[in-house]
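Participant: Structure incoming, see below.
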Amino acid sequence: MTSPGMRYLRRCGMLAALLLSALPGLLRAEHLKVYTWPDYIAPEIVSEFERLHDTTVEFSYFDSDEARDQELAITNGRGHDVLLVNRLQVSKYVRRGWLHPLSADDVPNRRHIDKRWSDTLGDASHYAVANLWGTVGIGYRQDHVPAGFRSWNELLQPDKRLRNRLSLPAYTRELIAMSMKADGLSANTSDEAMIIEAGRKLRELKPFVRYYGYPMLDESSDLVTGKVWAGAFYNGDVLRLQAFDENIRFVIPEEGGIIWAGYLAVAQSSDRTSQAFAFIDFLNEPRIAARQAEYANLATPNTAARAYLPQEHLEHPTIYPDQEVMERSEFLESLPPRSQKQINIIGTQLIY
Amino acid sequence: MRLHAKLLFAIVPVFIVSLLSVGWIVYVQLRQQSEDAMHRQMDTVLQQTQQQAESFIETLQANALLFANSNIIKRYVMVDNEIDRYDLMQPALLKMFASYQEAYPHYREIRLLTPEGYEDTRLATDGLPNRSDEEGGTPFFTALESGRSPSHMEVHNNADDGKTTVMIGRPLWLKDRNVPPQIAENRLRGYLVVTASLDIISELLQKQKIGEEGYVMVLDQRGTVLFHQQPQLSGSTLYNLMFSLEKLPPDTPVSGVSIRDTSNTVQWHSLQNDLILVAVVPESEFAAASQTLARSVASITLLAIMLASLTFFLLIRTTVLRPISRLREAAISFGNGEAGVEIDITRGDEIGDLARALCGMNRKLGLSMNELQHSHARIEQLAYRDTLTDLPNRRLFIRMVEQAMTLENHNDGKLAVLFLDLDDFKRVNDTLGHEAGDLLLQEVSVRLQHCIRESDELALPLESKNKIANQVARIGGDEFIILITSLGHPDHAAIVARKIIDELARPVNIDDRSFVVGTSIGIAMFPADAGDVDGLIKCADTAMYEAKRAQKNTFRYYVSPMQANIENRLQLEDDLRSAVKHCEFELYFQPQFDTRSGVMAGAEVLLRWNHPLRGMVPPDLFIPVAEETGMIARLGEWVLMQACRQWREWQDMGIAPRRIAVNVSQRQFALGNLMAAVDNALLSNDMEADYLELELTESCMMEAPSEVVETLQILRSRGVRIAMDDFGTGYSSLGALTSLPIDTLKIDRSFVSGIEEDSQNSMVVSAILMLARSLNLEIVAEGVEVQAELDYLAKRDCDIVQGYLLGKPLSAASMTELLVTIENSTLRMTG
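Pasting the structure below:
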């Protein structure tokens, strides 16, 4: 039998290992380190940048905005040069001191971005540059769910055939927003009782959810293989998966979608800021921005890039929804602290 | 009092007292040991429990420290902006708490409280309700807030689910980062609180057993039960026990402590955090253990006493008592004059001396004893034995029967007394003299003894000691009497009787001459026929005479005269009288055939009595009655007349058989009207005399007085044929046969039956056939029933045959039909 002391030491060791697993990113500094979604920037664009600037780019990926926040909370914003931050978190990153200011000189191509995208950030606008935006809607398999989906409610109160067939993002705030919209409420409803109720419904949905996370974007994706029949997805991801199976459909529910916008920023801790600026500037070149939008099947805020985009892309209703749909859709806004705390608790019951 | 009893009474109490004392000492020792063992067990369990509990709490304290010192929590508490806290930082903190909980599932809640007591972050086991976010007012928080130590711990008993938890809280003191550390103020940023389920300790306590019913519980300072083996007792408060414990030293077992109205042995130990660990063993457990112990020690002691006594007893028996008893037996034997008893005179002890003295005495007693013995036997012999055969005499026999009666009464069995009389003994005595007669009697007595020994198999299966053996006694010249005991069934006596008859039928050789002695036997049953010996012998004697009268060489059971002679007989007479009056008789005809031509040679007339109530009455039952009462005369006349009338009918039809044979009884002759009857019958029916044949039995004819023979001769001279019936059963001498007026011999059916297999019968029949041929008599064989018999007879030139094989007795009508059929076939053949 091991003595209590031995057991104590062993448990300490276990915890240490847990903490150390986050450290390797800090130890390598020879590349430009970019922290972003997987499959977000076309590899050719990256190669072109590497050639032009005689450098190498190293990617780290997150599969939800929440996961990225968690990692940066642990590292205190360290470990990366370029960060892709969702609109909602930019100002919080700035307050934490994690972001480096971006002047017009540092990133000249910022001028191509529609001004509304920086205005919406308020005080934080000179810390990040809008990159792409998209919509969270419902992706599904036409062959397995022939009736399709018209509303969030249909997805969140599914037919029992869909047990263990749904995929949802690992982002509690987004899940709550969907539930709110399904009930005809605003995605930004902050009433705690309503949040608790939404949490209850989401817990009931758990048996239907195969997993909470970000889908694979190649032919091994569960939506392609048929393990998953439906779920809440980013429009660009579903468009990419359609190439593998024509039964895959995307719909923005009648209650409206949730609009997501990604901003590029440079980490305060970066010691390669000039290369980071150059990388962001390169991605904002109209021609490159157009290629990135086409690659990711997302809409670009870069007005100059539109000239390089094919008509087909520009008129695609999934990428650029109609005005009417846009009016029903919502950006996520920060909620009062206690409401957010409630959402976090729900998160521990759903995703962790 | 006998010697062995005296010895046992002297020694056994010593055994008992000493073994009981040993048993008591062992019991006291063992009880002390078991109590010590129980106390050691209490001590061990307390120590183990204490170690486990302390190790658990140490781990909890260490983990709380570790959690509180993690970077993320330090960073988190420094974030003042609530939106950033919750929207940006908290998920990471929760994730870390979740990973802690994954590693320590019994940490039911991990929480971060603000300095004001607001529950900022909480990770709880699924489904654990959160009462309130505001912890500021709780006693735990108050204690945590005011405590100086780096951590505060409290054990709680949750009234909702009866679960006991321990809460440990650590204040988080951190310096501001935006001022140089040297001058930065260390400020309280919050508290980390871990709530751990104490199920592990609970389970541990559940498993801890002291003896059968002993247990361990944990109390807090106020006496509230935090853990108990019966979960429903957790949460209750034992004030009295606390009051007692305050006066008791720790770590020492003390008995007689009352808990919830039971008396217990208790030992306590103080744990950290003012907890008290109490080991409890109910006094009843000690009592039960001592009882069991007492029982086993008592039974072992008892067994030892018994074994010792038994061994001692056996020892006395083999070394003292048995030799003495052997000497005693020897002394008795010597007294009886039996010299052959051996005794051991080699022993060197007192018993050896005694044996040697006894031997000397025996030698001196000497031969005189022997002589006395012999004369006694002689007297007995004379008094109770028959001198000639050495069989018991009447006196001894009666004594034996009386004994047997008592036994059989007891065993519910039966006895038979057989009375024997030798039929022709007188003749032997007269012709050969008394010596030969004595030899014959001796031979007979040997054979009788042999017979009754063999009859044992007929006895009831009784144990031999409860049984008197079968006995033969001679009670007079040629009279023997036999006792058969334990009979299963009265019929079994008949088996013995038959055996005796057969045995005595074998010839006896005396002086080179061979004799056959017949016997008649009477049988009386006890208790059916008589209840005393004399009565039984008298009944057997009566039955013997009955047997002698009926036929020699046979036996009879005793039948009381009332039953046999009076009732039955009178009734039969009445019935017969009425039958003659009402003509209840009918004639039947049994055809006889010529063996050479196969033609019907004639028919024997048979008389049938159709009794209105009893049905067909056999002739051998009613003919003797008819003879005795004289009714035979009328009946015989009727038969003759009826037979001749029937012949006339057939004659008129042209189908009459060549001969009609009518049976005639000797009494008919005696009554003197036979001649008239025959004449009357022949004349009335215009019948030629030579168509009629009269049949008389052999015995009847042999005993017939000369007048009867004359009558027969007259009849024969007129043409009537005379036949001798049942030939071979009587004792016809050859001379008599030649002088009698007979035409036909009828061989008795008993010789015909099985003739082809039975050499004895076939020899008799061959002799009869030869005799008949030399005397020029016709032979009729009766009772031919199978083809083999017929073939045998035909081959040896037997003239006429009669029997079931050839034709049953037929009514007159059926006989007419048969005759018509034969006549028709004959006509066809000739025509």
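Protein chains in written order, with this note's numbering: chain P, 928 to 1279; chain Y, 465 to 1295.
Note that the Cβ used here is the ideal one computed from N, Cα and C, for glycine as well.
Just so you know, these numbers come straight off a predicted model, no measurement behind them.
1) Considering just the uninterrupted stretch of the alpha helix (DSSP H) at Y:R1213, what are its terminal residues?
2) Would you say Y:V892 touches the ligand GDP, meaning its beta carbon is less than 7 Å from a heavy atom?
3) Going by DSSP in three states, P:W1044 sits in which element: helix, strand or coil?
4) Based on DSSP bridge pairs, tell me the residues matched to P:N1013.
5) Give a yes or no on whether the minimum CB-CB distance between P:I1179 and chain Y is below 8 Å.
6) Going by beta carbon distance, what residues of the same chain come within less than 8 Å of Y:A1004, once the five residues before and after it are set aside?
7) Would P:I1001 count as contacting chain Y if we go by Cβ distances under 8 Å?
8) Use the C-beta contact count for Y:R1078: other C-beta atoms within 10 angstroms, 16 or more gives buried, fewer gives exposed.
9) In terms of residue numbering, what span does the alpha helix (DSSP H) encompassing P:L1206 cover?
10) To the nearest angstrom, report how far apart P:P1180 and P:V1034 are at their CA atoms.
11) Hey, which unbroken runs of the alpha helix (DSSP H) at 4 residues or more fall wholly within the stretch 1101–1176 of chain P?
12) Please work out which residues of its chain come closer than 6 Å, Cβ to Cβ, to Y:A994, disregarding the five sequence neighbours upstream and downstream, and give them in chain order.
13) Quick one, are the C-beta atoms of Y:A1187 and Y:A1125 less than 8 Å apart?
14) Does the stretch 689–705 of chain Y touch the stretch 716–728 of chain Y, meaning 3 or more C-beta pairs lie closer than 8 Å?
15) So does the stretch 1201–1209 of chain Y actually touch the stretch 1238–1253 of chain Y, counting three or more Cβ pairs closer than 8 Å?
16) Roughly how many whole angstroms lie between the Cα atoms of Y:E499 and Y:L510?
17) Does Y:Y1021 come out as helix, strand or coil in the three-state DSSP assignment?
18) Could you please give me the residues that DSSP links to Y:Y571 through a beta bridge?
19) Could one say the Cβ of P:L947 lies closer than 8 Å to chain Y's Cβ atoms, at least one of them?
20) Less than 6 Å between C-beta atoms, sequence neighbours within five positions excluded: which residues of the same chain meet that for Y:D1154?
21) Report the rounded CA-to-CA distance for Y:N1017 versus Y:S984, giving the unit in angstroms.
22) On a CA-only basis, which of Y:A1252, Y:P787 and Y:S563 is nearest Y:S534? Give me that one, please.
23) Counting pairs of beta carbons, one from the stretch 1009–1021 of chain P and one from the stretch 1187–1203 of chain P, are three or more of them closer than 8 Å?
24) Which residues mark the beginning and the end of the alpha helix (DSSP H) in which Y:R504 is found?
25) Where in the stretch 589–657 of chain Y do unbroken runs of the alpha helix (DSSP H), each at least 4 residues long, occur, reported from the N-terminal end onward?
26) Secondary structure at Y:M681, three-state DSSP: helix, strand or coil?
27) Looking at chain P, which residues of the stretch 555–570 of chain Y have a Cβ within less than 7 Å of any of its Cβ atoms?
28) Determine, using beta carbons only, whether P:Y1279 comes closer than 8 Å to chain Y.
29) Take Y:Q935 as the anchor and find which of Y:A469, Y:I916 and Y:V619 has the nearest alpha-carbon.
30) For my contact list, P:R1037 and P:V1056 are in at a C-beta cut-off of 8 Å; report their separation, rounded to the angstrom.
31) Would you say the stretch 1131–1139 of chain P touches the stretch 1163–1182 of chain P, given that touching needs at least three Cβ pairs under 8 Å?
32) When the cut-off is 8 Å and only beta carbons count, does Y:D544 lie next to chain P?
33) Just the C-alpha distance for P:A1117 and Y:E546, rounded to the nearest angstrom, thanks.
34) Looking only at its chain, what residues have a beta carbon closer than 6 Å to the beta carbon of Y:V784, apart from the 5 residues adjacent to it on each side?
35) From Y:F604 to Y:R586, what does the alpha carbon distance come to, in whole angstroms?
36) Taking beta-carbon pairs under 9 Å, can you tell me which members of the stretch 520–551 of chain Y lie near chain P?
Facilitator: Looking at the atomic coordinates:
1) Here residue 1213 of chain Y corresponds to residue number 749 of the second sequence, with the count starting at 1. Start and end: R1213 to V1216.
2) Questions concerning the ligand GDP fall outside what the structure shown contains, since it holds no ligand whatsoever.
3) Residue numbering aside, residue 1044 of chain P sits at position 117 when the first sequence is read from its first letter. Note: P:W1044 maps to helix in three-state DSSP.
4) Looking up residue 1013 of chain P in the first sequence gives position 86. Answer is P:G1189, bridged to P:N1013.
5) For the purposes of this step, residue 1179 of chain P is taken as residue 252 along the first sequence, with counting starting at 1. Judged by the 8 Å Cβ criterion, P:I1179 is not in contact with chain Y.
6) Within the second sequence, the letter at position 540 stands for residue 1004 of chain Y. V881, L882, F883, I945, G986, I987, A988 and Y1022, listed in sequence order.
7) For the purposes of this step, residue 1001 of chain P is taken as the residue at position 74 of the first sequence. Taking Cβ atoms only, chain Y reaches closer than 8 Å to P:I1001, which makes this a yes.
8) Position 614 of the second sequence holds residue 1078 of chain Y. Classification of Y:R1078: exposed, given that the 10 Å Cβ count is below 16.
9) Here residue 1206 of chain P refers to the residue found at position 279 when the first sequence is read from its first residue. Residue 1206 of chain P is actually Phe in this sequence, not Leu. It spans T1200 to L1210 - the alpha helix (DSSP H) in which P:F1206 sits, taken as one unbroken run.
10) Here the question's residue 1180 of chain P lines up with position 253 in the first sequence. Here the question's residue 1034 of chain P lines up with position 107 in the first sequence. Straight-line Cα distance between these residues: approximately 37 Å.
11) 1119–1132, 1149–1152 and 1162–1169
12) As a position in the second sequence, residue 994 of chain Y is number 530, starting the count at 1. Correct list, in chain order: L1000 and C1003.
13) The residue given as residue 1187 of chain Y occupies position 723 in the second sequence. The residue given as residue 1125 of chain Y occupies position 661 in the second sequence. Yes. Within cutoff.
14) yes
15) yes
16) Here the question's residue 499 of chain Y lines up with position 35 in the second sequence. Here the question's residue 510 of chain Y lines up with position 46 in the second sequence. Computed Cα separation, rounded: 16 Å.
17) The residue labelled residue 1021 of chain Y in the question sits at position 557 within the second sequence. Looking at Y:Y1021 - three-state DSSP - the assignment turns out to be strand.
18) As a working mapping, residue 571 of chain Y is identified with position 107 in the second sequence. Y:Y571 is bridged to Y:A660.
19) As a working mapping, residue 947 of chain P is identified with position 20 in the first sequence. Any answer about P:L947 is weak, because its pLDDT of 49 lies below 50 and its placement is not dependable; what the coordinates show is given next. Taking Cβ atoms only, chain Y never reaches closer than 8 Å to P:L947, which makes this a no.
20) By 1-based counting over the second sequence, the position of residue 1154 of chain Y is 690. Cβ neighbours of Y:D1154 beyond the five flanking positions: G1183.
21) Locating residue 1017 of chain Y in the second sequence gives position 553, counting from the first residue. Locating residue 984 of chain Y in the second sequence gives position 520, counting from the first residue. Rounded to the nearest angstrom, the two C-alpha atoms are 5 Å apart.
22) If you number the second sequence from 1, residue 534 of chain Y lands on position 70. The shortest C-alpha separation from Y:S534 is found at Y:S563.
23) yes
24) The residue you call residue 504 of chain Y lines up with position 40 of the second sequence. First-last of the alpha helix (DSSP H) with Y:R504: L467 to A532.
25) 603–610
26) Numbered from its first residue, the second sequence carries residue 681 of chain Y at position 217. In the structure shown, Y:M681 sits in a strand (DSSP, three-state: E or B).
27) P555, A556, L558, K559, A562, S563 and A567
28) The residue given as residue 1279 of chain P occupies position 352 in the first sequence. Yes, its Cβ sits closer than 8 Å to a Cβ of chain Y.
29) Mapped onto the second sequence, residue 935 of chain Y falls at position 471. Nearest C-alpha to Y:Q935: Y:I916.
30) As a first step, residue 1037 of chain P must be located in the first sequence, where it is residue number 110. As a first step, residue 1056 of chain P must be located in the first sequence, where it is residue number 129. Yes, P:R1037 and P:V1056 are in contact; Cβ-Cβ is about 5 Å, under 8 Å.
31) no
32) For the purposes of this step, residue 544 of chain Y is identified with residue 80 of the second sequence, where counting begins at 1. Taking Cβ atoms only, chain P never reaches closer than 8 Å to Y:D544, which makes this a no.
33) Position 190 of the first sequence, counted from the first residue, corresponds to residue 1117 of chain P. Position 82 of the second sequence, counted from the first residue, corresponds to residue 546 of chain Y. The question names Ala, but residue 1117 of chain P is Ser in the sequence shown. Their backbone Cα atoms lie some 15 Å apart in a straight line.
34) As a working mapping, residue 784 of chain Y is identified with position 320 in the second sequence. Counting only Cβ-Cβ distances below 6 Å, and skipping sequence neighbours, we find nothing.
35) On the second sequence, residue 604 of chain Y is found 140 positions in, with the first residue counted as 1. On the second sequence, residue 586 of chain Y is found 122 positions in, with the first residue counted as 1. Straight-line Cα distance between these residues: approximately 16 Å.
36) F520, E522, T523, A526, N527, L530, F531, S534, N535, I536, R539, Y540, V543, N545, E546, I547, D548, R549, Y550 and D551
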